[in-house]
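Beneath this line is the structure, given in structure tokens, with notes to follow.
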Amino acid sequence: MEKRLLLAVLLISAVMVITNLLFPPPPPVEESAGEPTDSVAAVSTPAAPAVAAPVITAPEDTVAADTVVVTSGLYRYAFSTRGASLVRAELPEYPSYTRPGESVQLAPEDADEFLSLRLVVGSDTIDLSRVVFTPNLASITLAEGGEPQTLRFSYADPSGFGVNLSYTFQPDRYLIRVRGEVIGLAGRPATLVTAMGPGLAPHEARDHHSERELAVVLRSDGDVERLRMANLQGSVPLPGPMTWVGLKDKYFVVAQIAGDEHPFTQGTATRLRDVSHFFVEGEDTIAASLPRAEVIAALPVSADGVVEYDLYAGPQDFQQLAAAGYELEDVTQYAYAWLEPVIRPFAALILIILDFLHDTLDLAYGWVLVIFGVFLRILLWPLNAKAFRAQLKNMAVTPLMQEIREKYKDDPQKQQEALMRLYKEHGFNPLAGCLPMLLPWPVLITLFFVFQNTIAFRGAGFLWLPDLSLRDPLYVLPLFLVASMFAMQWVTTQMSGVEQNPQMKMMMYVLPIMMGIFFYSMPAGLNLYYATTNVAGLPQQLMIARERRRAQEEMKAQKGSPRPAPMPSGSKGRKKRQARG
Numbered sequence: 026m027e028k029r030l031l032l033a034v035l036l037i038s039a040v041m042v043i044t045n046l047l048f049p050p051p052p053p054v055e056e057s058a059g060e061p062t063d064s065v066a067a068v069s070t071p072a073a074p075a076v077a078a079p080v081i082t083a084p085e086d087t088v089a090a091d092t093v094v095v096t097s098g099l100y101r102y103a104f105s106t107r108g109a110s111l112v113r114a115e116l117p118e119y120p121s122y123t124r125p126g127e128s129v130q131l132a133p134e135d136a137d138e139f140l141s142l143r144l145v146v147g148s149d150t151i152d153l154s155r156v157v158f159t160p161n162l163a164s165i166t167l168a169e170g171g172e173p174q175t176l177r178f179s180y181a182d183p184s185g186f187g188v189n190l191s192y193t194f195q196p197d198r199y200l201i202r203v204r205g206e207v208i209g210l211a212g213r214p215a216t217l218v219t220a221m222g223p224g225l226a227p228h229e230a231r232d233h234h235s236e237r238e239l240a241v242v243l244r245s246d247g248d249v250e251r252l253r254m255a256n257l258q259g260s261v262p263l264p265g266p267m268t269w270v271g272l273k274d275k276y277f278v279v280a281q282i283a284g285d286e287h288p289f290t291q292g293t294a295t296r297l298r299d300v301s302h303f304f305v306e307g308e309d310t311i312a313a314s315l316p317r318a319e320v321i322a323a324l325p326v327s328a329d330g331v332v333e334y335d336l337y338a339g340p341q342d343f344q345q346l347a348a349a350g351y352e353l354e355d356v357t358q359y360a361y362a363w364l365e366p367v368i369r370p371f372a373a374l375i376l377i378i379l380d381f382l383h384d385t386l387d388l389a390y391g392w393v394l395v396i397f398g399v400f401l402r403i404l405l406w407p408l409n410a411k412a413f414r415a416q417l418k419n420m421a422v423t424p425l426m427q428e429i430r431e432k433y434k435d436d437p438q439k440q441q442e443a444l445m446r447l448y449k450e451h452g453f454n455p456l457a458g459c460l461p462m463l464l465p466w467p468v469l470i471t472l473f474f475v476f477q478n479t480i481a482f483r484g485a486g487f488l489w490l491p492d493l494s495l496r497d498p499l500y501v502l503p504l505f506l507v508a509s510m511f512a513m514q515w516v517t518t519q520m521s522g523v524e525q526n527p528q529m530k531m532m533m534y535v536l537p538i539m540m541g542i543f544f545y546s547m548p549a550g551l552n553l554y555y556a557t558t559n560v561a562g563l564p565q566q567l568m569i570a571r572e573r574r575r576a577q578e579e580m581k582a583q584k585g586s587p588r589p590a591p592m593p594s595g596s597k598g599r600k601k602r603q604a605r606g
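For what it's worth, the working numbering labels the leading residue of the sequence shown as 26, then goes sequentially.
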């Protein structure tokens with residue numbers, strides 16, 4: 026059984042390490058000089074009319090633009106009157122690792138266009154980012170538990186053409202309801218085109234490896250696609266119709282949600298030139314290259330000139346994304362693509378439990394992980410006890426099995442039939458003693474991926490740990506993990522009365538060290554959870570070891586003292602006796 030457990034540990038650990046080695050992020054591909062970086066025509070089908078000169082002309086650029094700030098406890102959104110679009114999205118609850126003392130900012134500073142809008146009417150393209158709108162309010166502050174509020178922008182051309190844009194905010198949601206009204210279309214078809222900008226601003230620590238998660242995400246025909254920016258080559262058409270489309274990094278996302286009834290009809294993702302970013306660690310400055318991509322999505326305007334969609338600009342929080350609807354929570358990837366269908370249900374359940382404990386008990390996530398680890402051990406206590414009883418039963422049957430194998434060693438068929446009868450009579454199940462012990466591993470593997478991508482642990486401190494999503498800066502937890510695993514191995518092998526072979530002795534020392542090497546760079550939260558389960562499992566492990574020792578002593582007492590084997594008779598016996606004499 027110990028060999029099987031060791032094999033399971035090795036295989037699971039190998040999957041974690043080898044997969045990262047086999048599927049590293051590919052090197053960034055620079056955009057050639059001739060590749061398009063900003064084009065409305067890119068989202069048009071071949072049958073669409075050519076894009077003509079903008080209706081709104083340059084004099085509009087001379088008008089000064091103001092900024093309207095919308096503030097709640099969750100966000101601080103800033104909208105420019107030029108273009109009536111979101112230009113800054115600050116999240117006060119999440120500290121920035123690239124700008125100490127500041128909050129996460131989603132809008133890139135060097136982005137000329139971030140969620141900028143254009144209107145394609147017939148053969149004309151109206152660049153709304155050049156239009157100065159008139160707001161109905163100078164600022165908005167939403168109180169916790171208060172009612173939603175709406176910010177309206179309006180523009181009217183002397184010719185009768187006009188555009189009204191309204192944004193409705195909720196104090197407890199990162200979701201913004203967007204409604205546009207186009208006046209003066211005269212029955213002509215129109216399409217609203219959004220240029221989402223070149224990705225998100227950098228705000229993570231180097232150990233978060235957020236640059237690997239920069240991607241274009243979309244939902245089309247019920248399937249979620251993630252196009253990593255580092256893998257994009259030139260311009261890639263996005264498969265329509267799209268329920269939602271967005272840009273994400275490891276922990277945050279900006280997405281437009283049109284729904285299934287009136288989805289985005291088409292779009293493109295264009296690889297842009299990479300930008301340099303610098304991580305500062307102590308006295309060292311480490312340069313990194315961040316890939317960028319421009320995403321353009323087209324949404325048809327209805328016959329009465331109305332267009333509606335939702336805008337999400339915030340964290341990849343499971344509850345917030347799920348509340349947005351249309352399975353937006355699938356933006357977060359909890360495992361490799363081939364493993365995600367298995368991991369995602371476990372991840373969703375674990376996140377629900379952890380959030381419930383956090384919200385109900387009002388405890389820090391560090392204590393939540395400790396409680397969860399102890400709770401899991403208590404939940405598995407009966408299964409472990411059942412596994413132990415099965416092991417004792419198997420130990421009692423083992424001598425009978427050896428007798429059958431010896432008796433029918435020359436007749437495999439009769440040997441198998443006799444063994445099956447023995448299994449049935451004694452209720453022998455070789456897997457009963459091992460399967461319950463392997464049940465915690467799916468939880469551990471799921472938590473491995475959950476800690477890699479769940480924003481709940483980002484910035485969550487605990488005791489000396491500044492962030493549960495990063496490694497322990499003092500390496501206390503990995504060392505404690507090794508010690509707790511060694512204690513469990515020692516209790517199992519030294520106090521159970523079972524004779525140790527060299528392999529068991531080696532496992533007692535090698536397995537804890539090997540797991541310590543794997544876990545030393547893992548998030549501190551994962552180390553905390555696993556070390557907690559080890560400590561919480563020691564009392565039962567001690568009880569099992571004592572009971573196993575008593576069972577071993579009873580089996581030896583029943584057998585009595587071993588008798589010397591009878592000496593063979595005949596010349597062979599005499600020769601052996603002479604040899605001994």
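Note that beta-carbon positions come from the ideal geometry of N, C-alpha and C, so glycine has one too.
Between the CA atoms of residue j and residue i - distance to the nearest angstrom
i, j, result
"Gln438", "Pro467", "38 angstroms"
"Arg143", "Thr166", "28 angstroms"
"Leu153", "Tyr192", "16 angstroms"
"Arg253", "Thr479", "19 angstroms"
"Ser245", "Leu502", "43 angstroms"
"Ala240", "Lys273", "5 angstroms"
"Asp335", "Ala323", "14 angstroms"
"Pro498", "Glu352", "36 angstroms"
"Ala315", "Met221", "A small fix is needed here, since residue 315 is Leu in this sequence, not Ala. Using only the alpha carbons, I get a separation of about 17 angstroms."
"Glu250", "Leu263", "10 angstroms"
"Ala443", "Ile429", "7 angstroms"
"Glu172", "Gly205", "21 angstroms"
"Val279", "Ile321", "13 angstroms"
"Ala109", "Leu210", "20 angstroms"
"Leu567", "Phe371", "30 angstroms"
"Ser105", "Leu111", "7 angstroms"
"Gly265", "Gln291", "5 angstroms"
"Val156", "Arg317", "26 angstroms"
"Gly562", "Arg402", "6 angstroms"
"Trp489", "Leu386", "21 angstroms"
"Gly98", "Leu116", "9 angstroms"
"Phe474", "Glu354", "15 angstroms"
"Leu36", "Pro537", "Any reading at Leu36 must be qualified, since the residue scores a pLDDT of 47, below 50, and its modelled position is unreliable; the value itself is stated next. Cα-Cα distance, rounded: 15 angstroms."
"Gly224", "Leu379", "30 angstroms"
"Ile470", "Gly126", "34 angstroms"
"Gln258", "Phe186", "39 angstroms"
"Ala215", "Asp149", "10 angstroms"
"Tyr276", "Gln341", "5 angstroms"
Buried or exposed (CB count within 10 angstroms, at least 16 for buried), residue i
i, result
"Glu236", "buried"
"Met267", "buried"
"Leu506", "buried"
"Val356", "buried"
"Asn161", "exposed"
"Trp269", "buried"
"Glu134", "exposed"
"Lys28", "Low per-residue confidence applies at Lys28: pLDDT is 45, beneath 50, and the placement is therefore not dependable, though the value from the model is reported in the following sentence. When all chains shown are included, Lys28 counts as exposed."
"Thr175", "exposed"
"Gly486", "exposed"
"Gln281", "buried"
"Arg632", "Outside the displayed span of the chain (26 to 606) sits residue 632, for which this structure offers no information."
"Ile81", "Because Ile81 sits at a pLDDT of 41, beneath the cut-off of 50, its placement in the model cannot be relied upon, and the following sentence gives the value as read from the coordinates. When all chains shown are included, Ile81 counts as buried."
Opposing strand residues paired with residue i [DSSP bridges]
i, result
"Thr92", "Ser105"
"Gly398", "Paired residues: none, contrary to the question."
"Ile165", "Val95"
"Leu272", "Val241, Val279"
"Met267", "Ser245, Phe289"
"Ser509", "According to DSSP, which records beta bridges pairwise, Ser509 is partnered with nothing at all."
"Thr150", "Val145"
"Tyr180", "Val188"
"Glu319", "Thr295"
"Phe194", "Gln174"
Whole-Å CB distance - residue i paired with residue j, under 8 angstroms assumed
i, j, result
"Leu408", "Phe397", "Rounded, the Cβ-Cβ distance is 17 angstroms, inconsistent with contact."
"Gln130", "His228", "7 angstroms"
"Ser179", "Phe194", "That belief does not hold up - the Cβ atoms of Ser179 and Phe194 are roughly 18 angstroms apart, past 8 angstroms."
"Gln345", "Arg483", "The pair is not a contact, with the Cβ atoms about 14 angstroms apart (cut-off 8 angstroms)."
Within-9 angstroms CB hit, residue i to chain D
i, result
"Met221", "The chain inventory of the structure shown lacks chain D, comprising one protein chain alone."
### Message
Going residue by residue through the stretch 362 to 387, where are the continuous alpha helix (DSSP H) segments of at least 4 residues, counting only ones entirely within it?
### Response
Taken in chain order, the unbroken stretches of alpha helix (DSSP H) that lie wholly in the stretch 362 to 387 and span 4 residues or more are 365 to 386.
#### Entry: Complete runs of the beta strand (DSSP E) confined to the stretch 203 to 249 [at least 3 residues]
Whole beta strand (DSSP E) segments, 3+ residues: 215 to 220, 240 to 245.
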